[in-house]
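Peer 1: Residue 49 in numbering that gives the first Met the number 0 sits at position 50 of the sequence shown, with consecutive numbering throughout.
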Amino acid sequence: MYWTKDQNLLLIRKVLTVDPYSQPKGSKERAKLWKETVLNLSAVYEPRFSVSVRSVRDCVNLVLIKKHKRKVAEESKASGIAVDEPSEFDAAVEEICEKAEAAEREEKKPL
């Protein structure tokens, strides 16, 4: 599926609201939260969504988070360039990145 800017913004808002990263990776609870996100998106009439759990999860994890990390790395490498104030979208993706990384660190902690 091709995601428009409006769809991406709405997706990020829904992910922040539902917060699937609050549950352990691979757990039934996390799967339920991703499903809830899909149901919330499917209920929206404008912009219209026709998505699956996997497409939503992949869009967030494989596209938006990776793109954001790449952008941040490029900005930090570029010296002398003034970085613009982050947009609502950038701030939301940053928050999701932080939550995903915190969840990953929590899983890797020894018991």
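Built from N, CA and C at the ideal position, the CB exists for glycine as well.
Between which residues of its own chain and LEU40 is the CB-CB distance below 8 angstroms, once the five residues before and five after are set aside?
Peer 2: The answer, listed in chain order, is LEU9, LEU10, LYS13, PHE48, VAL50 and VAL55.
Peer 1: Only counting the same chain, and skipping five residues up and downstream in sequence, which positions put a Cβ closer than 6 angstroms to that of TYR20?
Peer 2: LYS98, ALA99 and ALA102
Peer 1: Please work out which residues of its chain come closer than 7 angstroms, Cβ to Cβ, to GLU106, disregarding the five sequence neighbours upstream and downstream, and give them in chain order.
Peer 2: PRO23 and LYS24
Peer 1: Shortest alpha-carbon distance to LYS66 belongs to which of GLU84, LYS34, ALA42 and ASP89?
Peer 2: ASP89
Peer 1: Can you tell which of ILE95, ARG104 and ASP18 has its C-alpha closest to the C-alpha of LEU61?
Peer 2: ILE95
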